[in-house]
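Numbering (my numbering), first residue to last: 162 to 230. All residues carry an ideal CB built from backbone N, CA and C; glycine is no exception.
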């Protein structure tokens, strides 16, 4: 859904790294290179970006009020 603001394990702020991470991947960088460029050296913080599924656009397609009328 929405990228967490902080790493669940160490508490480091990671939400500001998501857009640059996606941009670096779009430029053809590997995940490892992108995370190194962003300064994410801890495995816990790297996991937060590597395992994140950006599904907010898919969720917004559902109309929760459709059957209420």
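Simplified DSSP assignment, three categories, for residue i
{"i": "residue 190", "result": "coil"}
{"i": "residue 174", "result": "strand"}
{"i": "residue 203", "result": "coil"}
Neighbourhood of residue i by C-beta distance below 6 Å, restricted to the same chain and skipping five residues each side
{"i": "residue 201", "result": "207"}
{"i": "residue 174", "result": "167"}
Sequence-distant residues of the same chain with beta carbon closer than 8 Å to residue i, five excluded per side
{"i": "residue 190", "result": "198"}
Residue i: CB within 7 Å of a non-hydrogen atom of the ligand NAP
{"i": "residue 180", "result": "Of the ligands one can find in the structure shown there are none, so the ligand NAP has no counterpart to examine."}
Residue i versus residue j: straight-line alpha-carbon distance, rounded
{"i": "residue 192", "j": "residue 210", "result": "9 Å"}
{"i": "residue 165", "j": "residue 183", "result": "15 Å"}
{"i": "residue 212", "j": "residue 179", "result": "12 Å"}
{"i": "residue 171", "j": "residue 177", "result": "16 Å"}
{"i": "residue 187", "j": "residue 204", "result": "22 Å"}
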